[in-house]
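Novice:
Numbering (the numbering used here), first residue to last: 546 to 782.
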């Protein structure tokens with residue numbers, strides 16, 4: 546069984562839980578009461594064209610039907626370990642935790658914490674990996690990995706690259722990466738449950754190739770949006 550770490554208002558949480566349900570992967574939700582800020586939600590809405598709002602673009606008004614949930618004071622709280630023991634959890638899945646998980650939580654389940662990064666590790670670490678990849682003209686994709694104490698540094702489970710249609714818009718690309726990330730999360734969880742693999746079985750990231758990219762400046766983001774505006778972007782600078 547998988548323990549899904551999310552929050553009440555993070556748009557990623559319901560996507561990941563739905564992906565697990567569609568794959569018939571047993572799981573429980575473990576919610577942290579710390580909410581996403583209005584600023585962060587506005588940024589997410591802008592970058593995805595509002596495609597993850599309830600009742601729009603096929604998103605259901607009620608996300609969680611028949612799900613089992615627990616609310617803990619923090620994802621770093623001892624109650625997470627207690628839930629892991631109670632439900633015999635094999636692994637945890639990061640579906641929007643607002644916390645930097647401590648070692649004690651990362652190691653409280655046999656197969657650690659699975660996460661999906663919307664970028665190709667180790668070259669693109671950080672919160673704007675998709676935007677920087679598009680700005681630099683590099684491939685976009687997702688990386689499933691086991692979390693470590695450092696951000697985006699843990700052993701890799703698998704990667705996926707995505708072909709971009711010549712007329713792709715920026716918000717469509719961002720949305721596609723997020724939706725495919727939920728599917729990849731389910732695949733990674735299934736692989737862990739089937740094989741019992743854990744962090745020691747993942748591919749260690751090559752630090753010589755690693756780079757952490759900060760928040761993309763607004764003028765660079767405008768360049769990305771102009772380049773990927775629904776026209777043929779292949780010949781654009």
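We put the beta carbon where it would ideally sit given N, CA and C, even for glycine. In this text the structure is predicted, and so the values were computed from the model without any measurement.
Between the stretch 692–699 and the stretch 574–587, are three or more C-beta pairs nearer than 8 angstroms?
Specialist: With the cut-off at 8 angstroms, the stretch 692–699 and the stretch 574–587 do not touch.
Novice: Closest to residue 645 by C-alpha separation, out of 558, 620 and 705, would be which residue?
Specialist: Answer by Cα proximity: 620.
Novice: Within a Cβ cutoff of 6 angstroms, which residues of the same chain sit near residue 637, ignoring the five residues on either side of it in sequence?
Specialist: Closer than 6 angstroms at Cβ, skipping near neighbours: 548, 550, 654 and 658.
Novice: For the structure I just gave you, are there three or more beta carbon pairs, one from the stretch 623–642 and one from the stretch 666–676, closer than 8 angstroms?
Specialist: Result no; under three Cβ-Cβ pairs closer than 8 angstroms.
Novice: Kindly indicate which three-state DSSP category residue 634 falls into: helix, strand or coil?
Specialist: Coil at residue 634, not helix or strand.
Novice: Are the stretch 758–770 and the stretch 672–689 in contact at 8 angstroms, needing three or more beta carbon pairs?
Specialist: The stretch 758–770 vs the stretch 672–689: in contact.
Novice: Kindly identify the DSSP beta-bridge partner or partners of residue 688.
Specialist: Its beta-bridge partners are 662 and 704.
Novice: Using the C-alpha atoms, what's the distance from residue 546 back to residue 745?
Specialist: Roughly 20 angstroms separates the two Cα atoms.
Novice: Give me the residue from 594, 635, 649 and 576 with the minimum Cα distance to residue 617.
Specialist: Nearest C-alpha to residue 617: 576.
Novice: How far does the alpha helix (DSSP H) with residue 620 in it reach, from first residue to last?
Specialist: It is not in any alpha helix (DSSP H) - residue 620 carries neither H nor E in the DSSP assignment.
Novice: Return the CA-CA distance between residue 772 and residue 661, expressed in angstroms with no decimal places.
Specialist: In a straight line, the C-alpha of residue 772 is about 26 angstroms away from that of residue 661.
Novice: Quick check: the Cα distance between residue 556 and residue 707, rounded to an integer number of angstroms?
Specialist: So the two alpha carbons sit approximately 22 angstroms from each other.
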